[in-house]
Every structure is written in C-alpha cells, then in structure tokens.
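For the sequence shown, our numbering gives the first residue as 235, with consecutive numbering after it.
What follows is a single structure, written as structure tokens, with notes after it.
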Amino acid sequence: MYQDKGSLKLYKFSIAQKSIILRACELNLKLDNKNEFDLMSLLTILEYPDSRLRTVARNVDRVTTSVSNFVEDLLETMYAAPGIGLAATQVNVHKRIIVIDVSAEHNEPLVFINPTIEVLGGMQTSEEGCLSVPGFFEQVERSEKISVKAWDKTGTPFELKAEGLLAVCIQHECDHLEGKLFVDYLSGLKRNRIRHRIQKRRRT
Ligand SMILES: [Zn+2]
C-alpha cells in the first residue's frame, strides 16, 4: 500500500482530521533503490487489472522455512518498492500473509500470517494508493478502530488493536487476501478510468 517519492517523503498524515495525503510516486528512483537490495529476492508485484489479484488466498498451515524466507522477500520487496504494506496476493502467492511498516524510519516491520479483523467502531476516510495500482490515489472510507488476530513471523499467535493509518493499512492489505482492491470502493467510472490509464501507460 502507498508509495513514497524516493528520498523525499512527501506524505502528510493527520489523525485529527482523519485524512492522509500522500503524493504520487513516479518511481523514477526505483532503480536506484533496488541497487541497495539483493535483486534475486525482490518479487514481481502484479498490477491491476491482472486477474490473479482477484484470487482468494488460503490459510498458512504452519510457518516452515520456506514461509519464513518468503516473508523476508515480501518485506524486502515492500521496502524496495517503496511501500508501507504488501500482501502475498500482490506477488502471486496466494497464502494469507501480509507485511506492513508504517513507522517514520521504516524500521518497524509487522508480519501478519492468517490475519482476521474484528471491527471495533468508527469510520475514517483517507487517501489510499496501492503498489498494484501505481500512481493513483483516491479517498476510501474504512473502519477507524479494529482488532486483528494473526500469527507473527514465527507462527506465534498475537492480537493487535489498531487505529488511524495502521488500521487503514491492515484493512487494505487484508482486502488483497480476499481478491479485493481499493479501486473496488470507487465508482465504476473512476475505476474504468484508472484501468484505461494503466493499460495505456503499459502500451507506451
Ligand atoms: Zn494494495
């Protein structure tokens, strides 16, 4: 979810106004960023309207070495994009795994395996973007306070209460596991416009 503009982090976040303003990233620094990482472990992010993004993910039975390795690759791919959240669905792995880091320093990774969300109340509207819908940001209404139960990267169950940006991000990423994208909350007109612009951009 979301993208920074390279080294210039231009997103402003106001919990009081329940609004998040994020500037679009043109990804012109993407290649420079990638040099900092092992290219072999970066995963390819599917882009809307790829039909594989509509796949419903399955539960993880247990955290094996391959699951742990995949979680590390997912985190690395999220940081390199750059983004603040990424779901396994977005890299064509249809297991219930999401990673998030909404910290200012990008050094507080959160891993949710088999997450389930309970809504605690309230609604908030904020501007969202998605690594699978690059360059587009739209207002989306979501629950303000949630509780999420999941396993951490070692397979240990935990429960977390979240609000504000973290709650938005968790809901956005969990939607991916159900094959749902933030553009599904928009009008058909807006969604079609985004799809046409992405397809046009890909052809040029
Ligand atoms: Zn997304």
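Every residue, glycine too, gets a C-beta built ideally from N, C-alpha and C.
The closest heavy atom of ligand 1 lies less than 8 Å from the beta carbon of Phe416. By the beta-carbon neighbour count (other beta carbons within 10 angstroms, threshold 16), Met235 is buried. Put simply, the residues with a CB less than 6 Å from any heavy atom of ligand 1 are Met235, Cys364, Leu365, Ser366, His406, His410, in chain order. By the Cβ neighbour-count rule, Val325 is buried, with 16 or more other Cβ atoms within 10 Å of its own. Taking all protein chains shown into account, Thr323 has 16 or more neighbouring C-beta atoms within 10 Å of its C-beta and is therefore buried. Remark: C-beta atoms of Val374 and Glu393 do not approach each other more closely than 9 Å. Here Thr311 really is in contact with Leu277; their C-beta atoms are around 4 Å apart, less than 8 Å. DSSP, read as helix, strand or coil, puts Asn293 in coil. Judged by beta-carbon spacing, Val345 lies within the 9 Å limit of Asp386, meaning their Cβ atoms are closer than that value.
Each residue's CA atom was taken as its position, placing His328 and Ala314 some 21 Å apart. With a threshold of 16 other beta carbon atoms within 10 Å, Ala401 meets it and is buried. Under DSSP, Glu361 shares a beta bridge with Gln373.
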